[in-house]
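Quick mapping for you: the protein sequence lines, in order, are chains X and P.
Going by the numbering used here, the first sequence opens with residue 68, and the numbers climb by one from there.
Going by the numbering used here, the second sequence opens with residue 30, and the numbers climb by one from there.
Each residue gets a CB set at the ideal place from its N, CA and C atoms; glycine is no exception.
Structure first, then comments.
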Amino acid sequence: MKNEIFENETLLLAALKLDSHEAFLQIFRKYYPDLVLFASRFILDSETCEDIVQEAFIKIWANRKILEIRTSLRTYLISLVQHLALNEIKHRKVRTLYQDTYHEMILALPADEHIFYTELNDAMQKLLSQLEPEVLETYSLSRTHHLKYSEIAQKLNISVRTVEARVSKAVKFLQKNLKGYKFIIYLTLLFHHLSN
Amino acid sequence: MDYYDNNHIDILISRYLAGDATSPEIEELFNWIQSDDDNRKYFLRQQDIWSVLNPAVDISDINTADAERKIMRETGIIPRRRSVFRKLFGFWSRIAALILLPLLAVVAYLLIDRPQHTLDNVTITTAFGSLSSTDLPDGTTVWLNANSSLTYSPAMDGDERNVFLQGEAYFKVKADARHPFNVHTPYMTVTATGTEFNVNAYDSIASVTLVNGHVDVGIKDRSLALKPGEHLSMTDGRPVICKLTDTEKYCCWKKGMLIFEDESLVSICNRLRQMYDVEFDIAPELRNRTFRMILNGENINEVTRFFEMSAPVICESLTPKEGNDTTNLKQRYRIIPL
Numbered sequence: 068m069k070n071e072i073f074e075n076e077t078l079l080l081a082a083l084k085l086d087s088h089e090a091f092l093q094i095f096r097k098y099y100p101d102l103v104l105f106a107s108r109f110i111l112d113s114e115t116c117e118d119i120v121q122e123a124f125i126k127i128w129a130n131r132k133i134l135e136i137r138t139s140l141r142t143y144l145i146s147l148v149q150h151l152a153l154n155e156i157k158h159r160k161v162r163t164l165y166q167d168t169y170h171e172m173i174l175a176l177p178a179d180e181h182i183f184y185t186e187l188n189d190a191m192q193k194l195l196s197q198l199e200p201e202v203l204e205t206y207s208l209s210r211t212h213h214l215k216y217s218e219i220a221q222k223l224n225i226s227v228r229t230v231e232a233r234v235s236k237a238v239k240f241l242q243k244n245l246k247g248y249k250f251i252i253y254l255t256l257l258f259h260h261l262s263n
Numbered sequence: 030m031d032y033y034d035n036n037h038i039d040i041l042i043s044r045y046l047a048g049d050a051t052s053p054e055i056e057e058l059f060n061w062i063q064s065d066d067d068n069r070k071y072f073l074r075q076q077d078i079w080s081v082l083n084p085a086v087d088i089s090d091i092n093t094a095d096a097e098r099k100i101m102r103e104t105g106i107i108p109r110r111r112s113v114f115r116k117l118f119g120f121w122s123r124i125a126a127l128i129l130l131p132l133l134a135v136v137a138y139l140l141i142d143r144p145q146h147t148l149d150n151v152t153i154t155t156a157f158g159s160l161s162s163t164d165l166p167d168g169t170t171v172w173l174n175a176n177s178s179l180t181y182s183p184a185m186d187g188d189e190r191n192v193f194l195q196g197e198a199y200f201k202v203k204a205d206a207r208h209p210f211n212v213h214t215p216y217m218t219v220t221a222t223g224t225e226f227n228v229n230a231y232d233s234i235a236s237v238t239l240v241n242g243h244v245d246v247g248i249k250d251r252s253l254a255l256k257p258g259e260h261l262s263m264t265d266g267r268p269v270i271c272k273l274t275d276t277e278k279y280c281c282w283k284k285g286m287l288i289f290e291d292e293s294l295v296s297i298c299n300r301l302r303q304m305y306d307v308e309f310d311i312a313p314e315l316r317n318r319t320f321r322m323i324l325n326g327e328n329i330n331e332v333t334r335f336f337e338m339s340a341p342v343i344c345e346s347l348t349p350k351e352g353n354d355t356t357n358l359k360q361r362y363r364i365i366p367l
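This is the structure:
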């Protein structure tokens, strides 16, 4: 699986060097939304985030002939957007999410370790689709629609204990299968949220 | 490191990320982070996941197709519009002429019979530290706050009444249900038929306060309805609506007053920055200190003296820096602890 992706990417980058519009578009469509979300970690204004990511792609097209990607395309794009976002913060003094120290900390995580929203979301959706329909429904009502246990129980005409059991089943299942994503915090938060 | 043995730290991290941690908890967490490089990495990973699952921007708000069109034009992959037009023109010119000629004749006929409305738009502008009020041609009364401008067409006889606002204004709209009154700002459009409301559109911290009646606020492609006493503000790029017990706080500027009730120094200075031509450098430890004050037309020097009188702070005026940067010649104040 990993090999296949790598091969695709090599081809993709080779095609890009040969001025392939399709290759450029494929990269753009695949990464644009995730990169905008990534930029929004540093910059609050969503329009500026989109501008930054568009600037990154314009740079990539302009430099396609001399582009040399030593890591992966994904890591390269993240680093480029991070760099442009930092520049923007420095030069234009845009409103940022965090104070400086916090900033340095978040930036200290190497670009190849960042996770993209769609990647995590896809992985979660895949796992969720393996759950029994009633467990999935209960879980979505609690997590996506933010209903309280009592509200879900009323809505589905089941007991609060059944709701608890189902949500806990879904959560345990995700926790077990999403280990690679160090998922624990999200789940801790989920419990925290529900107990309120 | 076994992640499942770190229950206590996980709870600390989650409380911190959710913004619920107390200061001793934050201190404990930061000590833990700094004590070990692995701890630091663990924290960063969790923070990464947290920000992925709680994105500041809604993924459905990102319009990849629009961005794609823009990118394709900017990179020159898609030729600019003009050359496309030229190509099409050669092809379709005869057909176009056949359709256009009679159309032009009709348009010409219609135009000749009518007085032409070529009146220029009117713009009212207020300077820093001043305010004005004016009646629009339709009978609507507008109060314009400092450093603001309002543009409108003097005829105002279309299906809709449109004005363009930069800065802040209070509108008392003349009731006319058939001709909606639209206030266009860089961040949102407010639509009313006959109501009183305040629109603040100085910068991205834009807001709308409805005093009475009903308005619809359009942000991008969404429309939100406000009830009397409700206040809509943009927080982190998203609209947040809250119910106010008293709208006066947001509207009293039109009487030359500013009311701050236990507001942080940062938000007070933001407000002052909008209305006076000044910038503030605030010491980090003072940013969230709250103040309660009512200003009644004082000048900026008097305002800064109020700060000094009501808290142990020094408010010093910095002389504008000389140099190439001509945009930065504003009066600057530095607020530091005494």
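Cα-Cα separation between V230 of chain X and K243 of chain X, rounded to whole angstroms:
Numbered from its first residue, the first sequence carries residue 230 of chain X at position 163. Numbered from its first residue, the first sequence carries residue 243 of chain X at position 176. As the crow flies, the alpha-carbon of V230 of chain X is around 20 Å from that of K243 of chain X.
So, does the CB of D250 of chain P fall closer than 8 Å to a CB anywhere in chain X?
In the second sequence, counting from the first residue as 1, residue 250 of chain P sits at position 221. No, because no Cβ of chain X sits closer than 8 Å to the Cβ of D250 of chain P.
Own chain residues within Cβ distance below 6 Å of I145 of chain X, not counting five before or after:
Sequence index remark: in the first sequence, residue 145 of chain X carries index 78 (1-based). Excluding sequence neighbours, I145 of chain X sits near A178, H181.
Whose C-beta lies closer than 7 Å to the C-beta of Y143 of chain X among residues of the same chain, with five residues either side of it excluded?
Taking the first sequence and counting its residues from 1, the one referred to as residue 143 of chain X is at position 76. In its chain, beyond the 5 residues on either side, I136 have a beta carbon closer than 7 Å to the beta carbon of Y143 of chain X.
Can you tell which of P:V240, P:V171, P:N68 has its C-alpha closest to the C-alpha of T155 of chain P?
By 1-based counting over the second sequence, the position of residue 155 of chain P is 126. The option with the nearest alpha carbon to T155 of chain P is P:V171.
Would you please verify whether the beta carbon of H88 of chain X is less than 8 Å from any beta carbon of chain P?
Counting from 1 along the first sequence, the entry for residue 88 of chain X is found at position 21. At a cut-off of 8 Å between beta carbons, H88 of chain X contacts chain P.
Provide the residue span of the beta strand (DSSP E) that contains E292 of chain P, from first to last.
By 1-based counting over the second sequence, the position of residue 292 of chain P is 263. Residues 286-293.
Beta-carbon spacing of T238 of chain P, Y305 of chain P below 8 Å:
By 1-based counting over the second sequence, the position of residue 238 of chain P is 209. By 1-based counting over the second sequence, the position of residue 305 of chain P is 276. Contact flag unset, no.
Can a CB atom of chain P be found closer than 8 Å to the CB of D179 of chain X?
Within the first sequence, the letter at position 112 stands for residue 179 of chain X. Judged by the 8 Å Cβ criterion, D179 of chain X is not in contact with chain P.
Nearest candidate by alpha-carbon position, reference G223 of chain P, set P:R190, P:A230, P:L194, P:R251
Within the second sequence, residue 223 of chain P is the residue found at index 194, counting from 1. Selected option, being the one with the closest Cα: P:R190.
Name the residues in the segment 102-119 of chain X whose C-beta lies less than 7 Å from a C-beta of chain P; which are they?
V103, L104, S107, R108, L111, D112, S113, C116, E117
Chain P contact residues for Y143 of chain X, given Cβ-Cβ distances below 7 Å
As a first step, residue 143 of chain X must be located in the first sequence, where it is residue number 76. Result: empty, since nearest Cβ-Cβ is about 17 Å, beyond 7 Å.
G266 of chain P versus chain X: which residues are under 7 Å apart at the beta carbon?
Here residue 266 of chain P refers to the residue found at position 237 of the second sequence. Chain X residues near G266 of chain P: L111, D112, S113.
Answer with yes or no whether the minimum CB distance from Q121 of chain X to chain P is below 8 Å.
Here residue 121 of chain X corresponds to residue number 54 of the first sequence, with the count starting at 1. Chain P contact via Cβ: present.
Integer Cβ distance of I270 of chain P from E259 of chain P, believed to fall under 8 Å
Taking the first residue of the second sequence as position 1, residue 270 of chain P is located at position 241. Taking the first residue of the second sequence as position 1, residue 259 of chain P is located at position 230. Their Cβ separation, rounded to whole angstroms, is 6 Å, which keeps I270 of chain P and E259 of chain P in contact under 8 Å.
Alpha helix (DSSP H) containing R316 of chain P: first to last residue?
Residue numbering aside, residue 316 of chain P sits at position 287 when the second sequence is read from its first letter. The continuous stretches of alpha helix (DSSP H) do not include R316 of chain P, and DSSP gives it neither H nor E.
Exposure of Y45 of chain P, with buried meaning 16 or more beta-carbon neighbours within 10 Å
As a first step, residue 45 of chain P must be located in the second sequence, where it is residue number 16. It counts as buried.
Work out the CA separation of S296 of chain P and F320 of chain P for me, nearest whole Å.
In the second sequence, the residue the question calls residue 320 of chain P occupies position 291. In the second sequence, the residue the question calls residue 296 of chain P occupies position 267. Cα atoms of F320 of chain P and S296 of chain P: separation of roughly 10 Å, rounded to the nearest angstrom.
Outcome for Q76 of chain P when other beta-carbon atoms lying within 10 angstroms are tallied against a minimum of 16
What you label residue 76 of chain P is simply residue 47 of the second sequence in a count that begins at 1. Buried is the call here.
Does any C-beta atom of chain P lie closer than 8 Å to the C-beta of F124 of chain X?
As a working note, residue 124 of chain X is residue 57 in the first sequence. It does; some Cβ of chain P falls within 8 Å.
Residues near A134 of chain P in its chain [Cβ-Cβ closer than 8 Å; skip 5 each side]
Within the second sequence, residue 134 of chain P is the residue found at index 105, counting from 1. Closer than 8 Å at the Cβ level, and outside the excluded window around A134 of chain P, lies no residue.
Shorter than 8 Å from the beta carbon of R302 of chain P to some beta carbon of chain X?
Sequence index remark: in the second sequence, residue 302 of chain P carries index 273 (1-based). Cβ-Cβ to chain X under 8 Å: no for R302 of chain P.
DSSP three-state assignment for H88 of chain X, whether helix, strand or coil:
Along the first sequence, read from residue 1 onward, the residue named residue 88 of chain X stands at position 21. It is helical.
In terms of DSSP beta bridges, what is P366 of chain P paired with?
One-based indexing of the second sequence puts residue 366 of chain P at position 337. P366 of chain P is bridged to P:V342.
Pick from P:D188, P:P183, P:N174, P:P209: whose alpha carbon is nearest that of Y199 of chain P?
Stepping through the second sequence from its first residue, residue 199 of chain P is reached at position 170. Minimum Cα distance to Y199 of chain P is reached at P:N174.
Nearest chain X C-beta to T220 of chain P closer than 8 Å, yes or no?
Locating residue 220 of chain P in the second sequence gives position 191, counting from the first residue. No, because no Cβ of chain X sits closer than 8 Å to the Cβ of T220 of chain P.
Using a Cβ cut-off of 7 Å, which residues of the segment 72-106 of chain P contact any Cβ in chain X, in chain order?
L73, R74, Q75, Q76, D77, I78, W79, S80, V81, L82, P84, A85, V86, I88, D90, I91, T93, A96, E97, K99, I100, E103, T104, I106
Expressed to the nearest angstrom, what Euclidean distance is found between the alpha-carbon atoms of Y216 of chain P and N227 of chain P?
By 1-based counting over the second sequence, the position of residue 216 of chain P is 187. By 1-based counting over the second sequence, the position of residue 227 of chain P is 198. Going by the C-alpha atoms only, they are around 14 Å apart.
Run through DSSP, which three-state label would H181 of chain X get?
Numbered from its first residue, the first sequence carries residue 181 of chain X at position 114. H181 of chain X: coil per DSSP, three-state reduction.
Applying the criterion that 16 or more other CB atoms from any shown protein chain within 10 Å of the CB defines a buried residue, is A338 of chain P buried or exposed?
Here residue 338 of chain P is taken as the residue at index 309 of the second sequence, counted from 1. Note that residue 338 of chain P corresponds to Met in the displayed sequence, not to Ala. The residue is exposed, with fewer than 16 neighbouring Cβ atoms inside 10 Å.
Can you check whether the C-beta of L195 of chain X is within less than 8 Å of a C-beta belonging to chain P?
Here residue 195 of chain X is taken as the residue at index 128 of the first sequence, counted from 1. No, its Cβ sits nowhere closer than 8 Å to a Cβ of chain P.
Is the Cβ of I182 of chain X closer than 8 Å to any Cβ of chain P?
Looking up residue 182 of chain X in the first sequence gives position 115. Chain P, which has a Cβ nearer than 8 Å to the Cβ of I182 of chain X, makes this yes.
Could you name the residues of chain P that F240 of chain X contacts, counting a contact when the two beta carbons are closer than 9 Å?
The residue you call residue 240 of chain X lines up with position 173 of the first sequence. Chain P residues near F240 of chain X: none, gap ~16 Å exceeds 9 Å.
Between P100 of chain X and T185 of chain X, how many whole angstroms is the CB-CB distance? I'm expecting something under 8 Å.
On the first sequence, position 33 is the one that residue 100 of chain X refers to. On the first sequence, position 118 is the one that residue 185 of chain X refers to. Contact check for P100 of chain X and T185 of chain X: beta-carbon distance about 7 Å, within the 8 Å limit, so the pair qualifies.
Counting along the chain, where does the alpha helix (DSSP H) carrying K239 of chain X start and finish?
Here residue 239 of chain X refers to the residue found at position 172 when the first sequence is read from its first residue. That run of the alpha helix (DSSP H) goes 227-244.
Give a yes or no on whether the minimum CB-CB distance between R363 of chain P and chain X is below 8 Å.
Stepping through the second sequence from its first residue, residue 363 of chain P is reached at position 334. For R363 of chain P, the closest Cβ of chain X is not nearer than 8 Å.
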